[in-house]
Amino acid sequence: LGALLFGVPAGRESAWTDPKFVSTDKTPDWTSGSLKSFAIGQSQWNPPVLNVSEIRDIVGQVIVDSIDGKDVKVSAEQGAKLMDKKMEK
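In terms of the numbering used here, the sequence shown opens at residue 36 and continues consecutively.
#1: Among residues of its own chain, excluding the 5 on either side of Leu39, which ones have a beta-carbon nearer than 6 Å to its beta-carbon?
#2: Figure out for me which residue from Gly104, Pro54, Asp64, Asp60 has the closest Cα to the Cα of Phe41.
#3: Considering just the uninterrupted stretch of the alpha helix (DSSP H) at Ala45, what are its terminal residues?
#4: In the DSSP assignment, find the unbroken alpha helix (DSSP H) run with Ile75 in it and report its ends.
#5: So what's Asp100 in DSSP terms, helix, strand or just coil?
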């Protein structure tokens, strides 16, 4: 919601329908279009995995490693291998 209030589109419908945003919405056509897009979203836009949280954790670890100054290339390669194993299941 905070980002949306500053003009950055949000990925959650709840932000667009929050009374704080609705009362200050300067682009109702954009809002309407965004809400419609959430309703007709395509399943192929989602990650091709069943357990999204596991993949998210793997990606998150690569991000944390980069913040910690570790070798991002090595971390990303390890993450890719782990994701491949998860997606084989």
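All residues carry an ideal CB built from backbone N, CA and C; glycine is no exception. None of the values given here were measured: they were computed from a predicted structure.
According to the structure data:
#1: Ala45, Ala50, Phe56
#2: Asp60
#3: Run containing Ala45: none; DSSP gives neither H nor E here.
#4: No alpha helix (DSSP H) contains Ile75, which DSSP labels as neither H nor E.
#5: helix
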